[in-house]
Every structure is written in structure tokens, then in C-alpha cells.
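Asker: Residue numbers (this note's numbering): 12 to 328.
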Ligand SMILES: C[S@@+](CC[C@H](N)C(=O)[O-])C[C@H]1O[C@@H](n2cnc3c(N)ncnc32)[C@H](O)[C@@H]1O
């Protein structure tokens with residue numbers, strides 16, 4: 012399995028069963044935020060869900076009509092604690108999986124899961140930087156990157172490298188946030204903050220969170236990327252379809268892009284979930300805010316969710 016990587020891989024820690032690239036061993040882990048290091052267990056508890064991931068992957072295979080049963084080699088890049096790794100291992104019980112991430116803490120959690128489920132003989136957990144990892148061309152049948160491209164400095168260049176490491180009948184699956192949907196969310200937050208000036212019921216602390224979200228959306232989607240602060244942020248990008256189209260064209264692949272947000276999830280749910288992930292509290296919306304959200308959520312119909320992408324599925328075949 013390790014031969015599919017075009018660089019030297021060495022054992023990192025025999026007790027956890029992790030491997031690492033030689034450069035990680037020499038230079039250490041650089042460029043991953045604390046939420047993925049000290050906060051690894053919390054990340055796993057909050058965000059990892061096997062059944063949801065299996066249906067997301069199944070949806071992507073269906074859209075691209077990918078029904079190969081003979082999948083041999085899978086790469087899960089930026090795998091974290093194995094959200095997609097464990098799902099792919101279940102869906103392809105004979106495949107070998109290379110699971111890489113920059114956080115040893117998250118990989119340790121994944122390695123424990125692979126041992127507990129008896130799949131550690133076919134899943135290799137490797138500490139590697141997704142920006143510089145060298146992959147053998149045409150070597151993987153499936154490459155999955157779930158919510159990791161937006162952490163990288165130059166996702167387009169890196170993504171081109173991943174797609175050229177796919178076998179000719181392979182498939183690349185990525186799940187990422189899009190600017191267009193987040194811009195709409197931003198405008199909804201602006202409206203909510205404005206209404207909250209004349210209506211009671213939303214705590215000041217929550218308004219402060221909304222303002223930070225608006226600031227964050229504006230900051231990462233600014234055209235000028237020269238601000239050095241961007242380099243130190245975990246979340247560096249909101250994407251447009253254009254970048255993925257260029258990568259598909261360059262690599263002569265067919266591209267599918269569609270919404271990853273469940274049909275029943277409206278902006279009220281989305282904003283409630285964001286608030287919960289920051290404050291740990293489920294908001295108790297006043298009636299006027301519920302009416303405001305209802306007006307927006309009930310107006311969304313049909314293909315709009317695919318046009319105004321928020322979380323998007325990106326599939327290369
Ligand atoms: C939002 S999490 C997604 C994790 C996992 N794929 C999932 O779906 O739960 C982003 C992951 O990207 C990893 N990451 C960030 N920058 C990276 C880099 N340069 N190289 C490898 N992994 C990186 C983080 O450690 C983290 O595990």
C-alpha cells in the first residue's frame with residue numbers, strides 16, 4: 012500500500028501503528044490548527060458519523076454512475092479520524108486504504124477504530140502533508156478528500172496532483188464549502204442583525220457570533236489573498252465551481268457538482284447549527300426570527316439548492 016506514495020514512508024510510533032513521511036519525521040507537524048490536535052477527540056465526537064457519510068458517498072457514486080466492484084486501492088486524504096475512511100472500508104470490504112492526515116492525534120483515533128473493527132491489516136494511517144504529498148500517477152481507484160481542500164494554501168495545484176493519481180476508470184470525491192451559498196447566508200445574517208436592533212430575543216453574544224461569521228466569510232472570500240493572516244487560518248477558502256471546472260478540463264475528467272445539504276435543512280437549521288458549534292447552546296429563536304427564517308426557507312425550491320451551493324459534493328470521473 013505504501014508503494015502507492017512516491018516518497019519514503021517510515022514507522023512513526025509503534026504503539027499507535029502510525030506511519031509518517033520522512034519529511035514529517037525530520038521537520039515535525041507544521042500547519043494544522045489546535046482544533047485538529049488537542050481538540051481531536053472533541054472533533055471526532057461532534058462531527059464524525061458513519062451512516063451519514065455512507066449515504067453521502069453512495070449519492071456521489073450514483074450521480075457519477077460509478078459501480079465498480081473491483082476497487083483495489085483507495086486514498087482518503089485529510090482523513091481526520093476516519094469519517095470517510097471507515098465508511099469506504101465498509102462499502103469496499105476487499106479494498107486497501109491509505110488514510111493520510113497532518114494530525115497525529117486524529118490519526119491515532121482512526122488507528123484505534125481500525126484495530127477495534129479488525130481492518131488494520133488493510134488500512135494504513137500515515138501522517139503526511141496533503142499539500143506536498145507525492146502520489147504515484149494513476150495509482151488509486153478512489154481518492155476522497157472530505158472537507159480538507161479549504162485548509163490548503165493552493166488547493167487548485169494540489170487537486171490537480173490528486174486527480175492525476177487516479178486510475179483512468181477511477182473516481183475522485185471531494186466535499187467543500189462554496190462561496191455562493193455562504194454569501195446568501197451572510198446576507199441573511201445581515202438581515203437578522205438588522206431586525207434584532209428593533210426586536211428583542213436574540214442575546215448580544217449570539218449577535219457577536221453572527222458578526223464574526225460575516226467577517227470570516229468576507230475575509231476568506233476576498234480577492235486579495237496577500238494578507239499573511241490567511242496562512243495561519245484553518246479555514247482558508249470558500250470555493251466557486253470555476254476552479255473545479257479548470258481541474259476537470261486539465262485532467263480530461265467529467266465533473267459533477269451538486270449540493271451536499273439535505274433537502275430538509277433550511278437556513279434556520281444551518282444558522283442554529285453554526286451557533287451551536289461555537290457556543291455549545293441550541294438557540295431559542297424568538298417568534299419574529301422564526302417568521303423571518305420561514306419566509307426564506309419556504310421560498311427555496313427545486314434546483315435552487317444546486318445553484319446556490321453551500322456545502323457541495325464535487326465528483327471527478
Ligand atoms: C474538517 S476536517 C475533515 C476531516 C475528515 N476528512 C472528515 O471528513 O471528518 C479537515 C482535516 O484536514 C486536515 N488537514 C488540514 N490541513 C492539512 C494538510 N496540510 N495536510 C493534511 N491534512 C490536513 C486536518 O487535520 C483535519 O483532519
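For glycine and all other residues, C-beta sits at the position ideal for the given N, C-alpha and C.
A quick note: this is a predicted structure, and the numbers were derived from the prediction, not measured.
(1) Taking DSSP as the reference, what is the three-state secondary structure of residue 240?
(2) Give a yes or no on whether the C-beta atoms belonging to residue 268 and residue 323 are separated by under 8 Å.
(3) Label residue 148 either buried or exposed according to how many other C-beta atoms from any shown protein chain fall within 10 Å of its C-beta, with 16 as the threshold for buried.
(4) Which ranges does the beta strand (DSSP E) cover as unbroken runs of at least 3 residues, wholly within the region 81-122, from first to last along the chain?
(5) Between 321, 167 and 142, which has its C-alpha nearest residue 194's C-alpha?
(6) Ordered along the chain, which non-local residues of its own chain (more than five positions away) have a Cβ less than 6 Å from that of residue 48?
(7) Between residue 251 and residue 190, is the Cβ-Cβ spacing less than 8 Å?
(8) Alpha carbon to alpha carbon, what distance is there between residue 303 and residue 106?
(9) Would you mind sorting residue 255 into buried or exposed? The rule is 16 or more other CB atoms within 10 Å of its CB.
(10) Counting beta carbon pairs with one atom in the region 139-158 and one in the region 85-103, are three or more of them shorter than 8 Å?
(11) Evaluate residue 66 with the Cβ neighbour count: other Cβ atoms within 10 Å of its Cβ, from every protein chain shown; 16 or more gives buried, anything less gives exposed.
(12) So which of 15, 36 and 16 has the shortest CA-CA distance to residue 24?
(13) Using the Cα positions of residue 327 and residue 206, report the straight-line distance between them to the nearest angstrom.
(14) Could you tell me the distance, in whole angstroms, from the CA atom of residue 128 to the CA atom of residue 102?
(15) Along the chain, where does the beta strand (DSSP E) that runs through residue 209 open and close?
(16) Any heavy atom of ligand 1 closer than 7 Å to the Cβ of residue 284?
(17) Alpha carbons only, please: which of 89, 98, 70 and 109 is nearest the one belonging to residue 20?
(18) For residue 226, does the count of other Cβ atoms within 10 angstroms reach 16, so buried, or fall short, so exposed?
(19) Is there contact here, the region 280-300 with the region 207-214, by at least three beta-carbon pairs under 8 Å?
(20) Considering only the alpha carbon of each residue, which of 259, 228, 14 and 237 lies closest to residue 246?
(21) Distance, Cα to Cα, residue 125 vs residue 97?
(22) Just to confirm the assignment, what range does the alpha helix (DSSP H) spanning residue 70 have?
(23) Would you mind sorting residue 253 into buried or exposed? The rule is 16 or more other CB atoms within 10 Å of its CB.
(24) Report buried or exposed for residue 138, applying the criterion of at least 16 other Cβ atoms within 10 angstroms of its Cβ.
(25) What is the chain-ordered set of residues for which the beta carbon lies under 6 Å from any non-hydrogen atom of ligand 1?
(26) Helix, strand or coil for residue 143? Go by DSSP, reduced to three states.
(27) Is residue 238 buried or exposed, if buried means 16 or more other CB atoms sit within 10 Å of its CB?
(28) Do you know whose CA, among 217, 241, 131 and 141, lies nearest residue 288's CA?
Answerer: Let me lay it out:
(1) It is helical.
(2) For the 8 Å CB-CB criterion, residue 268 and residue 323 form a contact.
(3) Exposed, since its Cβ has fewer than 16 Cβ neighbours within 10 Å.
(4) List check, beta strand (DSSP E) in window: 84-88 and 107-112.
(5) Among 321, 167 and 142, the Cα nearest to that of residue 194 belongs to 321.
(6) Closer than 6 Å at the Cβ level, and outside the excluded window around residue 48, lie 114 and 116.
(7) Yes, the Cβ-Cβ distance between residue 251 and residue 190 is below 8 Å.
(8) The alpha-carbon atoms of residue 106 and residue 303 are separated by roughly 49 Å.
(9) Result: buried.
(10) Three or more Cβ pairs drawn from the region 85-103 and the region 139-158 lie within less than 8 Å of each other, which places the two stretches in contact.
(11) Per the 10 Å Cβ criterion, exposed.
(12) Nearest Cα to residue 24 within the set 15, 36 and 16: 36.
(13) Taking the straight line joining both Cα atoms gives about 43 Å.
(14) One C-alpha to the other measures close to 14 Å.
(15) First-last for residue 209: undefined, no H or E at that position.
(16) In this structure, residue 284 has its beta carbon at no less than 7 Å from each heavy atom of ligand 1.
(17) Here the closest residue by C-alpha is 109.
(18) Exposed, by the Cβ-count rule.
(19) Contact between the region 280-300 and the region 207-214 is present, because at least three Cβ pairs lie under 8 Å.
(20) Nearest to residue 246 by C-alpha distance, out of 259, 228, 14 and 237, is 228.
(21) C-alpha separation (whole angstroms): 8 Å.
(22) Here the alpha helix (DSSP H) through residue 70 covers 61-74.
(23) Residue 253 comes out exposed.
(24) Residue 138 should be labelled buried.
(25) Listed by chain position, these are 42, 43, 47, 58, 59, 89, 90, 91, 94, 95, 112, 113, 114, 117, 140, 141, 142, 157, 158, 159, 162 and 163.
(26) Three-state result, residue 143: coil.
(27) With a 10 Å radius around the Cβ and a threshold of 16 neighbouring Cβ atoms, residue 238 comes out exposed.
(28) Comparing C-alpha distances from residue 288 to each of 217, 241, 131 and 141 shows the shortest one belongs to 217.
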